[in-house]
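Heads up, the sequence shown is in full-length UniProt numbering, so the first residue is 1 and it goes up one at a time.
Cβ atoms here follow ideal geometry from the backbone N, Cα and C, with glycine treated the same way.
Computed from a predicted model, the values in this text were never measured in an experiment.
Working notes, structure below.
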Amino acid sequence: MWILSWKRATGFSASSTAEEVTRGIEAYGLTAIITGPTSVIGLETARILVLRGVHVVMNIRNTTAGHKIKQEIVNEIPKAKIDVMELNVASLKSVIKFVTEFKASGLPLNILI
């Protein structure tokens, strides 16, 4: 459909991809925590951030699924800096454990999604 490919003043259209929109961005040295990386949007967000050099920390209830996602991303982007940490936002105990472990990692928190 022509309307989806019509480029706006930004040079992007409704059919532009995240890779196209972020091309040229280098975000090395930044750290992002992503909640919900198993969703389609969460997975693509993690992939694009890693592609642009961000160290991604995926917080997830099911760490087995998280490690599978991590491996998919690393297979595509071998230099990926990506960690999987358990977090159930419905559990205060889990949140406190996550925060304690993240702080102990020494990583900065630049982006929270």
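Worksheet item: What number of angstroms, rounded off, separates the C-alpha of K93 from the C-alpha of E101?
Response: Position 93 of the sequence shown, counting from 1, holds the residue named residue 93. Position 101 of the sequence shown, counting from 1, holds the residue named residue 101. Approximately 12 angstroms between the Cα atoms of the pair.
Item to complete: Could you tell me if L109 is buried or exposed, where buried requires 16 or more neighbouring beta carbons within 10 angstroms of its beta carbon?
Response: Taking the sequence shown and counting its residues from 1, one reaches residue 109 at position 109. Exposed, since its Cβ has fewer than 16 Cβ neighbours within 10 Å.
Discussion item. Quick check on DSSP: helix, strand or coil for V50?
Written reply: Locating residue 50 in the sequence shown gives position 50, counting from the first residue. Reduced to three states, the DSSP call for V50 is helix.
Worksheet item: Would you say R47 and E26 are within 9 angstroms of each other, going by their C-beta atoms?
Response: Stepping through the sequence shown from its first residue, residue 47 is reached at position 47. Stepping through the sequence shown from its first residue, residue 26 is reached at position 26. No. Outside cutoff.
Fill in: For V74, the residue or residues it bridges with in DSSP
Taking the sequence shown and counting its residues from 1, the one referred to as residue 74 is at position 74. According to DSSP, V74 bridges with nothing at all.
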